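A.B. asks:
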Amino acid sequence: MAETNGWNQVTTIAHMQSRLTGLAKKWYDNLPKYDYSWGEWKQNILKAFPDNRDFAVALRTMLARKKDDNKNWSQYYFDKMELVRACELPEKHAVSCIIDGIPNEIIQTGARAWRYENPESLFSSFLSTVTNRLHVGRQEPVNYRNKIPGRDHLRNKEDRRAHPYQRYKSKCYNCREEGHLANACTKPKKECTKCKRLGHISANYTGCGGVIVRKDVIDTLKLKYSQTDKIIEGYNNSVTQILGTVTVLLTVDCAEANVNVLIVENSVQTVPVLIGQEFIKKNKILIVRNNEMRVIEDEETAPPGLGVIPVKKIVLVAKEDVEVLPGHVGYIPVTNKQNLEGDVFIEGQGKSENVQQIRDKISTKIREEQTKSKVRFDAKRKDAPKYKEGQQVLVLKNVGSNDGRSRKLLPKYDGPFIVKKVLQHDRYYIEDLPGAQRAPRPYKGVYAVDRMKAYNAEALDDESDDSDH
Numbered sequence: 001m002a003e004t005n006g007w008n009q010v011t012t013i014a015h016m017q018s019r020l021t022g023l024a025k026k027w028y029d030n031l032p033k034y035d036y037s038w039g040e041w042k043q044n045i046l047k048a049f050p051d052n053r054d055f056a057v058a059l060r061t062m063l064a065r066k067k068d069d070n071k072n073w074s075q076y077y078f079d080k081m082e083l084v085r086a087c088e089l090p091e092k093h094a095v096s097c098i099i100d101g102i103p104n105e106i107i108q109t110g111a112r113a114w115r116y117e118n119p120e121s122l123f124s125s126f127l128s129t130v131t132n133r134l135h136v137g138r139q140e141p142v143n144y145r146n147k148i149p150g151r152d153h154l155r156n157k158e159d160r161r162a163h164p165y166q167r168y169k170s171k172c173y174n175c176r177e178e179g180h181l182a183n184a185c186t187k188p189k190k191e192c193t194k195c196k197r198l199g200h201i202s203a204n205y206t207g208c209g210g211v212i213v214r215k216d217v218i219d220t221l222k223l224k225y226s227q228t229d230k231i232i233e234g235y236n237n238s239v240t241q242i243l244g245t246v247t248v249l250l251t252v253d254c255a256e257a258n259v260n261v262l263i264v265e266n267s268v269q270t271v272p273v274l275i276g277q278e279f280i281k282k283n284k285i286l287i288v289r290n291n292e293m294r295v296i297e298d299e300e301t302a303p304p305g306l307g308v309i310p311v312k313k314i315v316l317v318a319k320e321d322v323e324v325l326p327g328h329v330g331y332i333p334v335t336n337k338q339n340l341e342g343d344v345f346i347e348g349q350g351k352s353e354n355v356q357q358i359r360d361k362i363s364t365k366i367r368e369e370q371t372k373s374k375v376r377f378d379a380k381r382k383d384a385p386k387y388k389e390g391q392q393v394l395v396l397k398n399v400g401s402n403d404g405r406s407r408k409l410l411p412k413y414d415g416p417f418i419v420k421k422v423l424q425h426d427r428y429y430i431e432d433l434p435g436a437q438r439a440p441r442p443y444k445g446v447y448a449v450d451r452m453k454a455y456n457a458e459a460l461d462d463e464s465d466d467s468d469h
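With the UniProt record's numbering, the residue at position 196 of the sequence shown is 196, and numbering never jumps.
1. Would you kindly check if the distance between the Cβ of residue 430 and the Cβ of residue 413 is under 9 Å?
2. Which residue comes first and which comes last in the alpha helix (DSSP H) that contains residue 61?
3. Given a threshold of 16 other Cβ atoms within 10 Å of its Cβ, counted over all protein chains shown, does residue 241 qualify as buried or as exposed?
4. Considering only C-alpha positions, which residue in the set 222, 250, 227 and 418 is nearest to residue 243?
5. Provide the residue(s) that pair with residue 252 in DSSP beta bridges, ordered along the chain.
6. At the level of alpha carbons, what is the spacing between residue 372 and residue 40?
7. Classify residue 77 as helix, strand or coil using the three-state DSSP reduction.
8. With a threshold of 8 Å on Cβ separation, who are the neighbours of residue 80 within its own chain once the five nearest residues in sequence on each side are excluded?
9. Leaving out five residues on either side along the sequence, give the residues of the same chain with a beta carbon under 8 Å from the beta carbon of residue 427.
10. With a CB to CB cut of under 7 Å and the five nearest residues on each side skipped, what residues in its chain are close to residue 455?
11. Looking at residue 73: is its Cβ nearer than 9 Å to the Cβ of residue 127?
12. Taking the C-alpha atoms as reference points, what is the distance between residue 389 and residue 421?
13. Would you mind giving the Cβ-Cβ distance between residue 87 and residue 49, rounded to the nearest angstrom? I have them listed as a contact below 8 Å.
14. Could you tell me the alpha carbon to alpha carbon distance between residue 8 and residue 2, rounded to whole angstroms?
15. Who does residue 171 pair with in a DSSP beta bridge?
16. What do you get for residue 375, buried or exposed, if any count of 16 or more other CB atoms within 10 angstroms of its CB means buried?
17. Taking its Cβ as the centre, do 16 or more other Cβ atoms sit within 10 Å of residue 278, making it buried, or is it exposed?
18. Does residue 377 pass the burial test, meaning 16 or more other C-beta atoms within 10 Å, or should it be called exposed?
19. Given that a residue counts as buried once 16 or more other Cβ atoms are within 10 Å of its Cβ, and exposed if not, what is residue 266?
20. So for residue 428, helix, strand or coil by DSSP?
21. Less than 9 Å between the C-beta atoms of residue 336 and residue 316, yes or no?
22. Using a Cβ-Cβ cut-off of 8 Å (strictly less than) and excluding sequence neighbours within five positions of residue 331, which residues of its own chain qualify?
23. May I ask which residues mark the beginning and end of the beta strand (DSSP E) holding residue 218?
24. Output the boundary residues of the beta strand (DSSP E) element that contains residue 388.
25. Might you give, ordered along the chain, the residues of its own chain that have their beta carbon closer than 7 Å to the beta carbon of residue 107, omitting 5 neighbours on each side?
26. Can you look up residue 107 in the DSSP assignment and give me helix, strand or coil?
27. Could you check which residue in 103, 104, 21 and 90 has the C-alpha nearest to that of residue 120?
28. Report the rounded CA-to-CA distance for residue 444 versus residue 381, giving the unit in angstroms.
29. For residue 217, collect the residues of the same chain with a Cβ closer than 7 Å to its Cβ; drop the 5 residues on either side in sequence, then sort them by chain order.
30. Report the three-state DSSP secondary structure of residue 433 (helix, strand or coil).
31. Check residue 233 in the structure and name its three-state DSSP category.
32. My assumption, with CB atoms under 8 Å, is that residue 245 sits in contact with residue 263. Please give the rounded CB distance.
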């Protein structure tokens with residue numbers, strides 16, 4: 001610690017004195033003087049508290065430490081490592097001792113098969129994953145004997161009458177009426193082909209569950225909302241934080257309903273208001289004709305045509321001539337020639353740059369992001385091996401044996417073959433070796449580099465010799 005933190009001798013001695021406890025503190029208080037150097041302090045401590053541990057006793061204690069079911073794998077590893085360090089064993093022997101303390105033979109065999117070089121790699125790559133697998137799905141045993149009521153309780157009719165059973169009111173999710181379930185509904189089935197839910201069709205599917213509004217709209221309308229820490233998962237292909245919620249009376253065409261509005265940041269969505277199933281599911285009906293959508297309350301109040309429904313497209317015209325110079329912002333008073341009842345909310349817009357400048361900025365940004373993506377990809381990409389014409393290679397088999405034998409004992413690669421031609425995009429044209437044709441018809445084909453490997457006759461001979469022994 002002194003070397004890591006850059007302490008001098010005075011600071012090191014001060015930290016040592018503050019850490020003394022128990023017998024060491026009593027020994028320190030009874031010293032005749034304290035003006036020692038750091039080297040003298042270490043010698044005095046070793047003389048006062050010599051290490052009398054016996055190696056055989058420490059070794060037996062370490063080997064007797066086994067994995068207990070009441071402790072997790074992390075506790076076992078660090079307890080065992082403390083005993084291993086006391087024995088001053090090499091890293092390879094320490095790994096063997098840690099694995100020897102595992103009572104489960106399957107886990108012990110798996111740990112030995114990986115041939116770990118040090119205890120740290122054994123814990124990080126194997127024992128930590130075993131901890132996760134063993135703790136998933138574990139449940140405490142439940143004593144069902146105490147939960148089963150006795151005969152006296154079942155025969156007590158007065159107790160049963162004191163708690164009347166509340167009948168559940170069934171509701172159909174197809175027609176949204178009470179009294180029956182969806183499987184007994186006599187009306188045509190309404191199933192959305194996009195979300196696979198009942199009660200609406202794909203034409204009425206908005207792709208959004210709630211009503212989501214940008215914060216600048218709430219600030220403009222001066223609505224008070226309550227803050228929340230909830231999030232929306234899946235919206236905008238990410239996890240979106242909700243700033244708050246507020247209940248408003250939302251009117252769309254000829255339909256209105258009280259809905260709970262979710263407020264998000266301005267950068268989350270481009271449109272001010274996004275209307276979802278929170279509003280549509282309140283017995284509202286969408287009508288789509290001639291690529292125009294209208295919302296009504298129910299089928300009974302639906303007009304025969306869309307002409308009677310007021311068009312919500314508001315045409316704005318300038319009251320007076322205003323000249324706005326390029327690259328400047330101007331105030332333009334507007335009006336409309338329609339007879340409207342109610343408040344009209346207009347989102348302000350401004351253009352300080354021309355279209356060509358915006359396009360150039362977007363193109364530059366896209367090229368920069370593409371360059372960054374290529375650098376990240378090239379940093380992790382491994383160059384494909386190269387083969388020359390005339391080189392012998394092995395190819396990966398597509399189909400194994402079908403005669404009932406285990407495919408684990410069959411070779412994964414077939415060959416050798418000879419490379420006849422080098423093609424583009426890491427592709428190679430291969431053929432049978434001259435004089436080594438194994439089928440009535442000669443084999444020819446094109447293989448990708450990821451399904452090939454170089455043929456090494458000496459390595460194959462060594463593997464065959466090892467398998468024979």
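All C-beta atoms in this analysis are idealised placements derived from N, C-alpha and C, irrespective of residue type, glycine included. What you are looking at is a predicted structure, and each value in this text was computed from that prediction instead of being measured.
C.D. replies: Well, looking at it:
1. Not closer than 9 Å, so no.
2. Run containing residue 61: 55-64, per the alpha helix (DSSP H) assignment.
3. So residue 241 ends up on the exposed side.
4. For residue 243, the nearest C-alpha among the options comes from 227.
5. Bridge partners of residue 252: 255.
6. The C-alpha of residue 372 lies about 58 Å from the C-alpha of residue 40.
7. Reduced to three states, the DSSP call for residue 77 is helix.
8. The beta carbon of residue 80 sits closer than 8 Å to those of 62, 65, 97, 98 and 101, all from its chain and outside the five residues before and after it, given in chain order.
9. Counting only Cβ-Cβ distances below 8 Å, and skipping sequence neighbours, we find 446, 447, 448 and 449.
10. Result list for residue 455: 392, 393, 394, 415 and 416, in chain order.
11. In terms of Cβ geometry, residue 73 and residue 127 form a close pair [threshold 9 Å].
12. Roughly 6 Å separates the two Cα atoms.
13. Contact flag wrong, Cβ pair sits at about 20 Å.
14. Between residue 8 and residue 2, the C-alpha separation is close to 7 Å.
15. Answer by DSSP bridge pairing, in chain order: 178.
16. Per the 10 Å Cβ criterion, exposed.
17. A residue is called buried once 16 or more other Cβ atoms fall within 10 Å of its Cβ, and residue 278 is buried on that count.
18. It is exposed - the Cβ of residue 377 has fewer than 16 other Cβ atoms within 10 Å.
19. Flag for residue 266 reads exposed.
20. Strand at residue 428.
21. The answer is yes: Cβ separation under 9 Å.
22. Result list for residue 331: 322, in chain order.
23. Premise fails: residue 218 lies in the alpha helix (DSSP H), 215-221, not in any beta strand (DSSP E).
24. Residue 388: not part of any beta strand (DSSP E); DSSP gives it neither H nor E.
25. Taking residue 107 as the centre and dropping the five residues before and after it, the same chain places the C-beta of 130 closer than 7 Å to its C-beta, in chain order.
26. If DSSP states are grouped into helix, strand and coil, residue 107 belongs with the helices.
27. When each option's Cα is compared against that of residue 120, the closest is 90.
28. The alpha-carbon atoms of residue 444 and residue 381 are separated by roughly 30 Å.
29. Within the same chain, Cβ atoms closer than 7 Å to the Cβ of residue 217 are found at 272 and 273, the five residues on either side in sequence being excluded.
30. Assigned with DSSP and collapsed to three states, residue 433 falls in coil, not helix or strand.
31. If DSSP states are grouped into helix, strand and coil, residue 233 belongs with the strands.
32. The Cβ separation is near 7 Å, so the contact holds.
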